[in-house]
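Undergrad: Numbering (my numbering), first residue to last: 52 to 121. Glycine included, C-beta positions come from ideal geometry on N, C-alpha and C. Got a structure for you, written out below as structure tokens; questions coming shortly.
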């Protein structure tokens with residue numbers, strides 16, 4: 052993966068990262084699932100915080116083979 056996203060003609064850039072969740076494996080992790088969900092929520096909330104460094108936001112995707120886009 053590139054260190055920086057490619058710039059546009061205007062000098063701005065956008066990097067879209069798509070992630071797929073292995074739902075079958077996640078369901079198998081019965082005891083760890085709550086901790087994983089809590090940790091993931093904390094990370095995604097920190098990314099979406101307006102005072103965070105950068106302009107990132109998580110989005111839930113429907114279809115297309117991915118579950119989450121940042």
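Quick one: what's got a C-beta closer than 8 Å to residue 80's C-beta in the same chain, skipping five residues either side?
TA: Answer for residue 80: 87, listed in chain order.
Undergrad: Between the Cα of residue 115 and those of 99, 70, 64, 66, spot the shortest distance and give me the residue it belongs to.
TA: 70
Undergrad: Any chance you could list the alpha helix (DSSP H) runs of at least 4 consecutive residues sitting entirely within the segment 60 to 85, in chain order?
TA: 74 to 79
Undergrad: Work out the CA separation of residue 113 and residue 74 for me, nearest whole Å.
TA: 14 Å
Undergrad: Assuming residue 99 and residue 92 are in contact, meaning their beta carbons sit under 8 Å apart, how far apart are those beta carbons, in whole angstroms?
TA: Contact doesn't hold; Cβ gap of about 10 Å is too wide.
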